[in-house]
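One structure is given here, and the rest of the page talks about it.
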Amino acid sequence: MEIIVSLPDGSIRRYARSTTVAQVAESISTSLKKNAAAGKIDGRLVDIHQPIDHDCHVEIVMADSPDGLFIQRHSTAHLMAQAIQRIYGKQKVKLGIGPVIEDGFYYDIDREGPLSTDDLAAIEQEMQKIIGENLPIVRRVVSRAEAIALFEALDQPLKVELIHGLPEDEEISLYEQGEFIDLCRGPHVASTGHIKAFKLLSVAGAYWRGDSNNPMLQRIYGTAFSKKAQLEEHLHMLAEAKKRDHRKLGKELELFMFSEEAPGMPFYLSKGMILRTELENFLRELQRARDYDEVRTPLMMNNRMWEQSGHWDHYKDNMYFTQVDETKYALKPMNCPGHMLIFKNSLRSYRELPMRIAEFGQVHRHEFSGALNGMMRVRTFCQDDAHLFVLPEQIEEEIAGVMELIGHIYKVFGFEYKVELSTRPDDYMGSEALWDQAEASLQNVLDRRGIDYRVNEGDGAFYGPKIDFHIQDALKRSWQCGTIQLDFQMPEKFDLTYVGEDSQKHRPVVIHRAVYGSIDRFMGILTEHFSGAFPLWLSPVQVKLLPVSSRYADYAFQVKKELQDAGIRVELDIRNEKLGYKIREAQLEKVPYMLVLGEQEQSAAAVSVRKRGSGDAGAMSIAEFVRQIVGENAARSDVFLH
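Counting in numbering that gives the first Met the number 0, the sequence shown runs from 0 upward without gaps.
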């Protein structure tokens, strides 16, 4: 019997029943079959040797496509597990799970002795040997009883536990390559010889199934690509990311520190405080020009506030609580309820709307210690929050204004960004009708402004849909920072009203907005983006004075005063060291400008200028240099010179 297969180009072909995906690929072209990793039947990923037994749509998945890369990484995880069992013995290595993750894969194993990074080279060598054997990778569907019996016989208790946890109607499949058998849905490449380029990266501890009540396993991370050049590019990026690590640079540049006395809570050193203050003042200046009023709300409020706002139901596991005078209080995880109280503080007229209030508010959210990551994941951070209380007819105009503000700020930092519309989550609060209205409003703004965006179904806040901004840093990594959230729920919860033109009370709509998101995290992102070489206006030290010898110390102090009087951040290095040494030190500190001061400079009331990244920039008068720096500061013009 024949089956009818439709292809992505719209063509229709007829094949004998049980023709495989590989045979379909070969019928189109031999090169297509050669470069195919798998197939899709009616949108479902399948092995390349999967027989086709009904009329369907077939797509050939190429090895270098996103799906092909996923399959290669999945197969490489199996390859690694097989190599580990070969080296350390099947009985001594209990296998957990080996999923694909962003940029790679991992496999969790249980064995007595710890693996170190030194062991990874031996595992890689064994993996290469298995690739050379070109073992066929074969799928087999089995019954639940057969699967349990098999893994019990293999003494693989973690696999048995996984099988017991599968739904009753789940199809159970195994994949075999040589002596190695694993429980897996698949698909996989056709044989081990199809795995091209891989690297094992690190070893870490991980609780079985992510539960701290379970045993700690060893997790081996790796990555794989379809071409060696792609792997080398990725490894170069990882090395560059390591060099740019904000935790390392934060320590070297004396920006911030962490202490066991306050885990996950950053301490700002003086230079880091300058950087943070500049970020805040930059946003303050732009908000002031857009009629925002700055406010401050308490760090801690009565627990009934959080019950009223809905945070208790949706967020209590991430909150910190305390008892005061027999009353339960909570440290604020968000600023919004406090802003609702400010709006409610007096009778509001429609003429006052839109009312825009902003706060650099310190918030606290509980994170597990294992999730903490420098400034990127902390337990307390400053959120650049603003809430816009608007009339229904003002929604789209105000959201457009916020988008313009966010776009302007990201442009100053040289960030490209992508936009995502996140819709109603499962635990949403309020009526479907209001959610539909809110989602339509956000969509209208994006569509009318001609902005490309993707819809992220079910990822909205519990009180409203949102537009998220994902910036891309110098290493092409994506970070979600800015957000605009439309909220019809909080005004209802807090009974917010304004007096309309008809002298009746009406509900305002609230727009939640953040640009940096977390200032602390944004600082971490900027540190890595600029590799610590911040643009002039952000640099904690903008100019370093380097007298050639102690004879010119008095002149150096004079220059320092003139620069400080002009608002320039300056440091003086009067150590009795050689000039070359001082220059190298200043370069390591990534200072934008160095001024060399010697006999000629003192005689001419001038400075010899060295600029970061371009070296000697010649001599100029002090007044001329001050004008240049003040101008660059005001224009923020050197942002792209990092």
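Where a beta carbon is used, it is the ideal one built from N, C-alpha and C, also for glycine.
None of the values given here were measured: they were computed from a predicted structure.
Whole-angstrom distance between E125 and A35, CA atom to CA atom: Those two C-alpha atoms are separated by around 25 Å.
Backbone secondary structure at L200 - three-state DSSP: strand
R275 beta carbon less than 8 Å from that of G373: no
Paired residues, beta bridge with C381 - DSSP: Q361
Which of helix, strand or coil DSSP assigns to A604: coil
DSSP three-state assignment for L234, whether helix, strand or coil: It is helical.
At least 3 beta-carbon pairs within less than 8 Å: the segment 513–521 vs the segment 373–383: yes
Beta bridge counterpart(s) of Y267 as assigned by DSSP: F255
W478, DSSP secondary structure in three states: strand
Where L165 falls, given that 16 or more other Cβ within 10 Å makes a residue buried: Around the C-beta of L165, fewer than 16 other C-beta atoms lie within 10 Å, and the residue is accordingly described as exposed.
Outcome for Y580 when other beta-carbon atoms lying within 10 angstroms are tallied against a minimum of 16: exposed
Rounded straight-line distance, which links the Cα of P534 to that of I628: 12 Å
Per-residue DSSP class, three states only, for S421: strand
Alpha-carbon spacing of A240 relative to D472, whole angstroms: 11 Å
Integer-rounded CB distance, given that G97 should sit under 8 Å from A120: Not really, about 20 Å apart at Cβ, beyond 8 Å.
Which of helix, strand or coil DSSP assigns to S64: coil
Environment of I100 [buried if 16+ CB atoms lie within 10 Å]: exposed
Alpha carbon of F69 to alpha carbon of A565, nearest angstrom: 56 Å
Cβ pair C335, M489 closer than 8 Å: yes
Beta-ladder partner(s) of Q484, from DSSP: Per DSSP, K465, H511.
Closest by C-alpha distance to D486, when choosing among K343, F461, L371: F461
Strand pairing of P50, partner residues [DSSP]: T19
Cβ neighbour criterion (16 or more within 10 Å) applied to F529: buried
Contact set for H365: own chain, Cβ-Cβ below 8 Å, skip 5 residues either direction: D316, N317, M318, Y319, R378
I3 classed as buried or exposed, judged by whether at least 16 other C-beta atoms fall within 10 angstroms: exposed
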